[in-house]
Structure formats: structure tokens, C-alpha cells
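Chemist: Our numbering puts the first residue of the sequence shown at 109, with every later residue one more than the last. Where is the CB? At the ideal position from N, CA and C, for every residue including glycine. Being a predicted model, the structure only gives us computed values, none of them experimental. Structure below; questions to follow.
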Amino acid sequence: MGFFSFIKEAGEKLLGINKAQAQSPAAGAQAATADLEAAKNIIAYINKMGLQVTNLDVTVNMAQGTVKVSGEAADQVTREKVVLCCGNTQGIEKVEDAMTVKQAAPEAQWHTVVKGDTLWAIAEKFYGKGKGNEYNRIFEANRPMLTHPDKIYPGQMLRIPPRG
């Protein structure tokens, strides 16, 4: 899949660091410890979401705001949700996806939520005027990270699955 850009200030607060630590390179061992801790937190979040990836590996560079994720996902949907778990994290602005999938499928489209967006409006944008009632398809495509259709926020990236 490649590289994905995210909004660094938006997302889950998983990394347990303050802004100053994220923006300035810490001295040697301190930076390495922060990167390892951040990677463990992202892996724990992926596992909490029930996303199974064989040989999952997450490498974080907090100074650069990057994550590299690798392993083998069962399918394309799981792969994309893992990328979202990594990128929709405060402090992360780029995700390098080095994962493979057991069962190939078409890739989803992506949408970054802006102020005023609703899943209904996003569905109409991607599926056509009068298709707002397809919002549930987008909601389900982003579960379990989304817990309610009204709980999206600016800067969040969403998977937009192809119409079935």
C-alpha cells in the first residue's frame, strides 16, 4: 500500500508523551525508550481492536512522527484498519505500510474528516447524491475504532469501502 499521511495533532492519545517530547529529539537512550514505548502502545491498541496480524511489527520514530508497520493481515480490510490505528494517533503524521495480505481484495478509498463532516455527507460525496443512507457502510468499515456514527472528529482518516 505504501505511505499514508495523517494529521499529527488529531487522533487517539496512545503515546503517553507530551508535545515537547514529540517535537524535539530526545537524547539517545531516552528517544529510543520513548519510541519503543510508543510502538508497544500502538500494538496494544491494534490488539484491543481485535485486528489479527501475523508477525505484527510496529516501529515508531517520535521525533519524525512516523510509524512503520509490517506483518501479514488476513485480508485487505484488516490491513487498512491497522494503518488507521497507527495513523489516527496523536503525534503520528506518516505511516509506512509494509504489510502483506493472505487474501487480496480491492483497496478502499480514504477520507480525512473536516469540520462539519457527517458520515451522511461523506457517503453522498463517495457514493452519490441521495446515497447518504449508505453512511452505515462507512461506519461499519471503520469499526471497532468508531463506536458511534456521530463520533467522528476533524483530522481523523476514515476508510471508504467500495459500494457492494
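Tell me whether residue 141 sits in a helix, a strand or coil according to DSSP, three-state version.
Modeler: Here residue 141 refers to the residue found at position 33 when the sequence shown is read from its first residue. In the structure shown, residue 141 sits in a helix (DSSP, three-state: H, G or I).
Chemist: Sort 215, 233, 232, 257 by Cα distance to residue 244 and report the nearest one.
Modeler: Residue mapping note: residue 244 aligns to position 136 of the sequence shown, counting from 1. Per the Cα distances, 257.
Chemist: I want to know whether the stretch 197-204 touches the stretch 213-230 - three or more CB-CB distances under 8 angstroms.
Modeler: The answer is no - the stretch 213-230 does not touch the stretch 197-204, with fewer than three Cβ pairs under 8 angstroms.
Chemist: Alpha carbon to alpha carbon, how far is residue 239 from residue 151? Give it in angstroms, no decimals.
Modeler: Within the sequence shown, residue 151 is the residue found at index 43, counting from 1. Within the sequence shown, residue 239 is the residue found at index 131, counting from 1. Going from the Cα of residue 151 to the Cα of residue 239 covers about 36 angstroms.
Chemist: If we call anything under 8 angstroms between Cβ atoms a contact, is residue 268 one with residue 234?
Modeler: As a working note, residue 268 is residue 160 in the sequence shown. As a working note, residue 234 is residue 126 in the sequence shown. Yes, they are a contact pair.
Chemist: Determine the burial state of residue 149: buried for a count of at least 16 other Cβ atoms within 10 Å of its Cβ, exposed for fewer.
Modeler: Taking the sequence shown and counting its residues from 1, one reaches residue 149 at position 41. Result: buried.
Chemist: Using 8 angstroms as the threshold, is the stretch 174-181 in touch with the stretch 155-162, meaning 3 or more CB pairs across them?
Modeler: At 8 angstroms Cβ cutoff, the stretches touch.
Chemist: Look at the alpha carbon of residue 229 and the alpha carbon of residue 190, and state the distance between them as a whole number of angstroms.
Modeler: As a working note, residue 229 is residue 121 in the sequence shown. As a working note, residue 190 is residue 82 in the sequence shown. Residue 229 and residue 190: Cα-Cα distance of roughly 25 angstroms.
Chemist: Please say whether residue 203 and residue 264 have beta carbons closer to each other than 8 angstroms?
Modeler: In the sequence shown, residue 264 corresponds to position 156, counting from 1. In the sequence shown, residue 203 corresponds to position 95, counting from 1. For residue 264 and residue 203, no; Cβs fall outside 8 angstroms.
Chemist: Is residue 206 helix, strand or coil by DSSP?
Modeler: Within the sequence shown, numbered from 1, the residue matching residue 206 stands at position 98. Correct three-state label for residue 206: strand.
Chemist: For residue 168, I'd like the list of residues in its chain whose CB is within less than 6 angstroms of its CB, leaving aside the five on either flank, ordered along the chain.
Modeler: Against the sequence shown, residue 168 aligns to sequence position 60. For residue 168, where only same-chain residues beyond five positions count, the Cβ hits under 6 angstroms are 143, 146, 147, 175.
Chemist: Beta-carbon within less than 8 angstroms of residue 249's beta-carbon, same chain only, minus the 5 sequence neighbours each way: which residues are those?
Modeler: Indexing the sequence shown from 1 puts residue 249 at position 141. Here the set comprises 185, 216, 266, 267, 268, 269.
Chemist: Note down, in chain order, each residue of its chain lying with its Cβ closer than 7 angstroms to the Cβ of residue 134, except the 5 sequence neighbours on either side.
Modeler: Here residue 134 is taken as the residue at index 26 of the sequence shown, counted from 1. Low per-residue confidence applies at residue 134: pLDDT is 48, beneath 50, and the placement is therefore not dependable, though the value from the model is reported in the following sentence. Counting only Cβ-Cβ distances below 7 angstroms, and skipping sequence neighbours, we find 142.
Chemist: Which same chain residues, not among the five before or five after residue 226, have their C-beta less than 7 angstroms away from its C-beta?
Modeler: Against the sequence shown, residue 226 aligns to sequence position 118. For residue 226, where only same-chain residues beyond five positions count, there are no Cβ hits under 7 angstroms.
Chemist: Look up residue 152 in the DSSP assignment and say whether it is helix, strand or coil.
Modeler: On the sequence shown, residue 152 is found 44 positions in, with the first residue counted as 1. Helix, per DSSP.
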